[in-house]
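Numbering (the UniProt record's numbering), first residue to last: 271 to 554.
In this text, a Cβ means the ideal position worked out from N, Cα and C, and glycines have one as well.
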Ligand code: C2E
Ligand code: MG
Ligand code: MG
Ligand code: MG
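Here you go:
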């Protein structure tokens with residue numbers, strides 16, 4: 271309630287803005303350096319088949335190992351990378367690395383699994399995107415059926431026509447397309463039938479209390495039913511406890527991902543899971 275003079279307010283605001291701009295600029299230049307020095311790495315989080323707990327895929331999740339600050343999660347740098355445009359280079363690098371490692375495992379004779387790569391709004395909008403995906407597939411020799419791209423609802427609703435065209439071009443490459451965090455973005459139910467997608471990923475907000483909240487359980491069931499009706503694969507993310515897994519299995523969810531099975535792990539560790547064909551769980 272204290273009446274602050276306009277001038278003081280302005281100074282406070284401006285100081286805060288300066289600090290934020292500095293933090294951002296610092297982050298941006300460190301990210302540029304990180305690209306050159308290859309400080310980014312891809313972690314893989316297993317996806318298992320609800321039928322038999324078989325390892326069927328992985329989500330590729332970027333990590334930044336900063337020499338001074340240690341491991342930095344995507345939540346801390348993806349938003350700034352998105353604002354500055356650096357996400358296009360980082361995203362292309364993640365896509366290439368994920369495809370290289372996935373075909374590398376196949377060449378070792380390990381049973382193939384699908385890799386899902388997150389695509390940011392800016393990458394998806396970029397004119398070069400289809401050429402980049404085509405180039406990575408050509409260079410690595412990965413069969414497109416083993417690649418899936420994860421996009422979010424909000425990326426599709428600004429310009430539905432052009433989004434549908436872009437999705438169609440991705441599907442024409444033979445690459446899968448998943449709607450990530452489904453149910454938390456703009457409601458696109460009326461468009462769902464028009465989107466040439468292959469997979470719905472139920473957001474973990476709906477999984478967290480699926481075993482204790484009857485309304486959440488009903489929503490999760492509806493999303494699973496919707497996927498089945500539209501002939502889509504359905505992946506539940508954020509499954510942390512056996513109660514979540516039991517619910518999803520009982521209600522016909524095809525694929526499960528979450529800490530219950532495994533956190534995202536470095537490539538070497540994921541390779542060991544591939545060699546075993548399953549995810550080790552000490553809880554068993
Ligand atoms: P997302 O695509 O929805 O990825 C799932 C996130 O949930 C991951 O966080 C994962 O570690 C976390 N998670 C998985 N299972 C569980 C669970 O059982 N419980 C809980 N509490 N969390 C779980 P992460 O790796 O920090 O990534 C966060 C977000 O950053 C991702 O959300 C995605 O939107 C973005 N992201 C990550 N990697 C990339 C990337 O290479 N490119 C782009 N554009 N975005 C990325
Ligand atoms: Mg994702
Ligand atoms: Mg998600
Ligand atoms: Mg998310």
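Could you check what DSSP says for residue 467 in three-state terms: helix, strand or coil?
-> If DSSP states are grouped into helix, strand and coil, residue 467 belongs with coil.
Where residue 271 and residue 492 are concerned, what is the direct C-alpha to C-alpha distance, given to the nearest angstrom?
-> Caution applies to residue 271, whose pLDDT of 45 falls short of 50 and renders its modelled position unreliable; the model cannot decide the point.
Where does the unbroken beta strand (DSSP E) through residue 328 begin, and where does it stop?
-> 325 to 336
CB residue 474 to CB residue 507, shorter than 9 Å?
-> yes
Residue 466 CB to nearest heavy atom of ligand 1 below 8 Å | In this structure, the C-beta of residue 466 stays at least 8 Å away from each heavy atom of ligand 1.
Since residue 317 is in the beta strand (DSSP E), which residue starts that stretch and which ends it?
-> Looking at the DSSP string, the run of the beta strand (DSSP E) that includes residue 317 is 310 to 319.
Specify the secondary structure class of residue 421 as computed by DSSP and reduced to three states.
-> DSSP places residue 421 in strand when its eight states are reduced to three.
Name the residue from 529, 536 and 537 whose alpha carbon lies nearest to the alpha carbon of residue 318.
-> 529
Looking at the structure shown, is residue 511 part of a helix, part of a strand, or coil, going by DSSP?
-> coil
On a CA-only basis, which of 430, 489 and 418 is nearest residue 452? Give me that one, please.
-> 489
Any chance the CB of residue 471 is under 8 Å from a heavy atom of ligand 2?
-> yes
Buried versus exposed, by CB contacts within 10 Å (16 or more), residue 534 = buried
In DSSP terms, what residue 499 is bridged to = DSSP, once it has assigned bridges, lists no residue as partnering residue 499.
Determine which residues share a DSSP beta bridge with residue 380 and list them.
-> In DSSP, residue 380 forms no bridge with anything.
Helix, strand or coil at residue 525 [DSSP, three-state] | strand
Does the stretch 541 to 548 come close enough to the stretch 509 to 516 to have 3 or more Cβ pairs within less than 8 Å?
-> no
Could you give the DSSP three-state label for residue 271: helix, strand or coil?
-> Residue placement at residue 271 cannot be trusted, given a pLDDT of 45 that sits under 50; the coordinates are not used to answer.
For residue 386, is the beta carbon positioned less than 8 Å from some heavy atom of ligand 2?
-> yes
Could you please give the first and the last residue of the uninterrupted beta strand (DSSP E) stretch that includes residue 448?
-> Run containing residue 448: 446 to 452, per the beta strand (DSSP E) assignment.
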